[in-house]
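K.L.:
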Amino acid sequence: MSDASEKIVYVCCGTGCLANNSIDVYEGIKNKIEELNLNAEVLTEVKPTGCNGLCEKGPVVKIQPDDISYFKVKASDAEEIVTKTIKDGAVIDRLLYFDTNLKRKVKSHRDSEFFRRQHKIALRNIGEINPAVIEDYIERDGFKALEKVLSEMDGSGVINEVVKSGLRGRGGAGFPTGKKWKQCASYDVSPKFVVCNGDEGDPGAFMDRSIMEGDPGSVIEGMTICAYAVGSRNGFIYIRDEYSLAIKNMRKAINGAREKGFLGKNILGSGFDFDIQIVRGGGAFVCGESTALMQSIEGKVGEPRAKYIHSVEKGLWGNPTVLNNVETWANIPVIIQEGGDWYSSMGTEGSKGTKVFSLVGKVKNTGLVEVPMGTPIRELIYDIGGGIIGNKKFKAVQIGGPSGGCIPEELLNLPVDYDTLSKADSMMGSGGMIVMDERTCMVDVARYYLNFLSEESCGKCVPCREGIKRMLEILTNICEGKGKEGDIDELLEISELTSEASLCSLGKSAPNPVISTIKYFRDEYEEHIRNKRCPAGICKNLTEFYIDNDVCRGCDLCRKNCPANAIDGAVKESHFINSDACIKCGNCINNCSFNAIKVK
Amino acid sequence: MTAFEKIVEKYPKEKRYTLAIMQDIQKEYKYIPKEHLSMLSEYLEVPMSKLYGMATFYKALSLTPKGEHIITVCDGTACHVRSSAVLMDELQKALKIKPGETTKDGKFTFQTVNCLGSCAIAPVMMVNEKYYGKVTPNVLRDIIKEYGGDSIE
Numbered sequence: 094m095s096d097a098s099e100k101i102v103y104v105c106c107g108t109g110c111l112a113n114n115s116i117d118v119y120e121g122i123k124n125k126i127e128e129l130n131l132n133a134e135v136l137t138e139v140k141p142t143g144c145n146g147l148c149e150k151g152p153v154v155k156i157q158p159d160d161i162s163y164f165k166v167k168a169s170d171a172e173e174i175v176t177k178t179i180k181d182g183a184v185i186d187r188l189l190y191f192d193t194n195l196k197r198k199v200k201s202h203r204d205s206e207f208f209r210r211q212h213k214i215a216l217r218n219i220g221e222i223n224p225a226v227i228e229d230y231i232e233r234d235g236f237k238a239l240e241k242v243l244s245e246m247d248g249s250g251v252i253n254e255v256v257k258s259g260l261r262g263r264g265g266a267g268f269p270t271g272k273k274w275k276q277c278a279s280y281d282v283s284p285k286f287v288v289c290n291g292d293e294g295d296p297g298a299f300m301d302r303s304i305m306e307g308d309p310g311s312v313i314e315g316m317t318i319c320a321y322a323v324g325s326r327n328g329f330i331y332i333r334d335e336y337s338l339a340i341k342n343m344r345k346a347i348n349g350a351r352e353k354g355f356l357g358k359n360i361l362g363s364g365f366d367f368d369i370q371i372v373r374g375g376g377a378f379v380c381g382e383s384t385a386l387m388q389s390i391e392g393k394v395g396e397p398r399a400k401y402i403h404s405v406e407k408g409l410w411g412n413p414t415v416l417n418n419v420e421t422w423a424n425i426p427v428i429i430q431e432g433g434d435w436y437s438s439m440g441t442e443g444s445k446g447t448k449v450f451s452l453v454g455k456v457k458n459t460g461l462v463e464v465p466m467g468t469p470i471r472e473l474i475y476d477i478g479g480g481i482i483g484n485k486k487f488k489a490v491q492i493g494g495p496s497g498g499c500i501p502e503e504l505l506n507l508p509v510d511y512d513t514l515s516k517a518d519s520m521m522g523s524g525g526m527i528v529m530d531e532r533t534c535m536v537d538v539a540r541y542y543l544n545f546l547s548e549e550s551c552g553k554c555v556p557c558r559e560g561i562k563r564m565l566e567i568l569t570n571i572c573e574g575k576g577k578e579g580d581i582d583e584l585l586e587i588s589e590l591t592s593e594a595s596l597c598s599l600g601k602s603a604p605n606p607v608i609s610t611i612k613y614f615r616d617e618y619e620e621h622i623r624n625k626r627c628p629a630g631i632c633k634n635l636t637e638f639y640i641d642n643d644v645c646r647g648c649d650l651c652r653k654n655c656p657a658n659a660i661d662g663a664v665k666e667s668h669f670i671n672s673d674a675c676i677k678c679g680n681c682i683n684n685c686s687f688n689a690i691k692v693k
Numbered sequence: 006m007t008a009f010e011k012i013v014e015k016y017p018k019e020k021r022y023t024l025a026i027m028q029d030i031q032k033e034y035k036y037i038p039k040e041h042l043s044m045l046s047e048y049l050e051v052p053m054s055k056l057y058g059m060a061t062f063y064k065a066l067s068l069t070p071k072g073e074h075i076i077t078v079c080d081g082t083a084c085h086v087r088s089s090a091v092l093m094d095e096l097q098k099a100l101k102i103k104p105g106e107t108t109k110d111g112k113f114t115f116q117t118v119n120c121l122g123s124c125a126i127a128p129v130m131m132v133n134e135k136y137y138g139k140v141t142p143n144v145l146r147d148i149i150k151e152y153g154g155d156s157i158e
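Just so you know, the protein sequences line up as chains A and B, in that order. So the first sequence is numbered by the working numbering: it starts at 94 and just counts up by one. So the second sequence is numbered by the working numbering: it starts at 6 and just counts up by one.
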């Protein structure tokens, strides 16, 4: 900012905030500024940005250089923000963020526990730029790394820096990125391809979407640097069909980069050519698997193939291909700028740098967080996440998507990295962290994932197709009250077979949700099978709710919210549930502030 | 120029654009009409069986017409643990159709998706292109009414 009186208003227009009508807030502030002709007084720019991370408290509005952050802003607040804060620099107390850990309101989001404990590398620009304008990215050192690479480094120099950084693939498997590049560079074959996997399919993870929506430039720069290092001229970004805003912003960024000479022929006068095409996904989870994704780019049905030969040697159209995921690409420009040693100074022995997690489920501060590898899970959930909603009891955190596993309370101090998570029968996956409380049934969670996987299995190999289906049958029976002795052993037996004999990692890791829930929550399975009871009150056939007369204060909230009219009772007197009419939706238990409703 | 020609004209005549072309047809008609499938088969010289395989493999494609408004309920894990199943039950009751089906009057199609990537505001649903976060059964009814679902009790 050149002029001291100049102000910038950042309005979060990530998908989460958009769902809460942030576009009306953006328009409202813009219109009000015009209406009052405020620019004659205070030159103000209003920018729509990508996701700030704390979607739970959206829409988010930030005002710089005053460093004021407002949360849960409504369109009706726009006028006050313009007249009070932008014009007079006054803080509107009611829109500030209340930090439940610090037990006070904070003026800047940076002061909150949620943001203060984070270290943003992959997410560095999101929320700070208008992603639709490439100049914004350039202003924040965008394409500086590419300039450095083209003017002073050769391919092997670039690869060495990435090897030194210790960066591992952020898509799930955690393969060392530098090693992949090095291998690809070693083949004397043309053409070679560089691919970005933006088919974020893991339910519960949305960091890739956020990066593509909020900072597409860093993905483009990362891919271009790789293309230079391995000798490729063609790149593809495969984006999920559901992510329409990501496709739109990525397209704008590619066009912008081309216009500025960062993509296309003779990039920055270096003689190096590289261009990127967007391919829209077709809505198939298995296409997040690298070989299936490449089939899909070729215009075929996305079925994986056995990886006797790695795609880095024979990938897209049978040619050497480097495929990395969105978050991995976003780290590359910073690694080149700051150096591999700098990056590897963060993290743990086997997992360097930072990782983005999507902290969701039954946790207070849901959103995207980026922390150094090795951060204890407890810190993520309690210090950053603010603990469990409604102060209910923590039960487990599921990490790594459908191929991951559940981590129980006794392992909460685990420093999170690739190796510790695998040892605990979970996995890093793409970094989805779904927090579960006492109202989550672990058998239902296993059934949920197996149902997901049975729909998404491409059906090519028998162990995956049939193994998942059989496990799902058993789990469904247990949830419906038809479980029998021996079911658990049979589940474990099929698990072993499916993971041993499946073709691709979808099938190989499909039993993980079953294995980890049985390992840590076997008693819950047994309760379902032997006593026909679901302790969490989720499996409808095995659930009966009742109201504890000693605890109920007669606030009447449950009766009002019951969609089946199954609750009776006068105000200020204890209520009761008519079991015959109850549809077991759990609305009452979720609404009760006194924990008076219990599971029989 | 026919609608089909307009769509294929946007892409080079190469097999790799099969999915993209099919997605555009889907967008235009809200499904892939049979005659378009055979036109595409002739145009790209791809057997009908391959195109049929694609149309049934990819969830973004559909061989039966979809309704005027497409209601998508997210059943990702974050939504699931925040009771998306209750929303799906409610919707089934209200529209009297199962996931994947379209109401008789052609007004609504009800489908589920494995994740919309808006997990922080779970449970999430989408009507056409608009997102709704933290949906409760009561909010759900209001949303359907907003799109002309009058018959909802």
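In this text, a Cβ means the ideal position worked out from N, Cα and C, and glycines have one as well.
(1) When the Cα of A/S598 is compared with those of A/P152, A/R373, A/T270, A/A399, which residue comes out closest?
(2) Compare the C-beta of A/I451 with all C-beta atoms of chain B and state if any pair is closer than 7 Å.
(3) Identify every residue that forms a DSSP beta bridge with A/F487.
(4) Is there at least one Cβ from chain A nearer than 7 Å to B/F115's Cβ?
(5) By how many angstroms is the C-alpha of A/I481 removed from the C-alpha of A/G433?
(6) Find the nearest neighbour of B/I26 within the set B/C84, B/P52, B/L56, judged by alpha-carbon distance.
(7) Confirm, please, whether the CB-CB distance from A/I330 to A/C380 is below 7 Å.
(8) Could you list the residues in the stretch 105 to 127 of chain A with a C-beta less than 7 Å from some C-beta on chain B, going in chain order?
(9) Helix, strand or coil for B/S54, going by three-state DSSP, please let me know.
(10) Tell me the DSSP bridge mates of A/R373?
(11) Taking just the CA atoms, how far does B/T61 sit from B/S67?
(12) Which term fits A/W274, buried or exposed, when burial requires 16 or more other beta carbons within 10 angstroms of its beta carbon?
(13) Who are the neighbours of A/I571 on chain B, taking C-beta pairs under 7 Å?
(14) Pull up the DSSP beta-bridge partners for B/C79, would you.
(15) Closer than 9 Å, Cβ to Cβ, to anything on chain B: give me those residues from the stretch 321 to 350 of chain A, in chain order.
(16) Are the C-beta atoms of A/I690 and some chain B residue less than 7 Å apart?
(17) Just checking: is the beta-carbon of B/K154 within a distance shorter than 7 Å of some beta-carbon in chain A?
(18) So what's B/V144 in DSSP terms, helix, strand or just coil?
(19) Between A/V135 and chain B, is there a C-beta pair that is closer than 7 Å?
(20) Cβ of A/G297 within 6 Å of any heavy atom in the ligand GDP?
(21) Check whether the Cβ of B/P142 lies closer than 7 Å to any Cβ atom in chain A.
(22) Can you give me, in chain order, the residues of the stretch 118 to 130 of chain B that have a beta carbon less than 8 Å from any beta carbon in chain A?
(23) Can you tell me whether A/K198 is helix, strand or coil according to DSSP?
(24) Beta-carbon of B/E158 versus every beta-carbon of chain A: anything under 7 Å?
(25) Look up A/Q157 in the DSSP assignment and give the residues it is bridged to.
(26) Using only alpha-carbon positions, find the residue among A/K455, A/K457, A/G440 that is nearest to A/P469.
(27) In chain A, which residues lie with their C-beta within 7 Å of the C-beta of B/H85?
(28) Does any C-beta atom of chain A lie closer than 7 Å to the C-beta of B/T69?
(29) Give me the chain B residues within the contact set of A/D529, using Cβ-Cβ distance strictly less than 8 Å, ordered along the chain.
(30) Can you name, in chain order, every residue of its own chain whose Cβ lies under 7 Å from the Cβ of A/I690, other than the five neighbours on each side?
(31) Count the CB pairs spanning the stretch 253 to 267 of chain A and the stretch 387 to 396 of chain A that are closer than 8 Å, and state whether there are at least three.
(32) Whole angstroms are fine: how far does the CA of A/M564 sit from the CA of A/L584?
(33) So, for B/I148: in the same chain, excluding its five sequence neighbours on each side, which residues have a beta-carbon less than 8 Å away from its beta-carbon?
(34) Just to confirm, is the Cβ distance from A/G600 to A/C557 under 7 Å?
(35) If contact is defined by three or more beta carbon pairs under 8 Å, each pair taking one atom from either stretch, is the stretch 223 to 241 of chain A in contact with the stretch 287 to 303 of chain A?
(36) Quick check on A/T92 - is its C-beta less than 7 Å from some C-beta in chain B?
P.N.:
The relevant details are as follows:
(1) A/A399
(2) Note on residue identity: the sequence assigns Ser, not Ile, to residue 451 of chain A. Cβ-Cβ to chain B under 7 Å: yes for A/S451.
(3) A/D530
(4) no
(5) 37 Å
(6) B/L56
(7) no
(8) T108, G109, L111, A112, N113
(9) helix
(10) A/I332
(11) 7 Å
(12) buried
(13) What A/I571 touches in chain B: nothing, since even the nearest Cβ is about 17 Å away.
(14) B/V118
(15) R333, D334, E335, Y336, S337, A339
(16) no
(17) Contrary to the premise, residue 154 of chain B reads as Gly rather than Lys in this sequence. No - not a single Cβ of chain A is within 7 Å of the one on B/G154.
(18) helix
(19) no
(20) Judged by which ligands are present, the structure shown has none, so any question about the ligand GDP falls away.
(21) yes
(22) V118, N119, C120, L121, G122, S123, C124, A125, I126, A127, V129
(23) strand
(24) Interpretation of B/E158 is limited by its pLDDT of 45, a score under 50 that renders its predicted location unreliable; no figure is taken from the coordinates.
(25) A/I101
(26) A/G440
(27) Y541
(28) no
(29) Correcting the residue identity first, residue 529 of chain A is Met in this sequence and not Asp. By Cβ distance, chain B contributes V86.
(30) F638, I640, C651, C681, I682
(31) no
(32) 6 Å
(33) M130, V132, Y137, V140
(34) yes
(35) no
(36) Residue 92 of chain A lies beyond the residue range present for chain A, which begins at 94 and ends at 693; the question has no answer from this structure.
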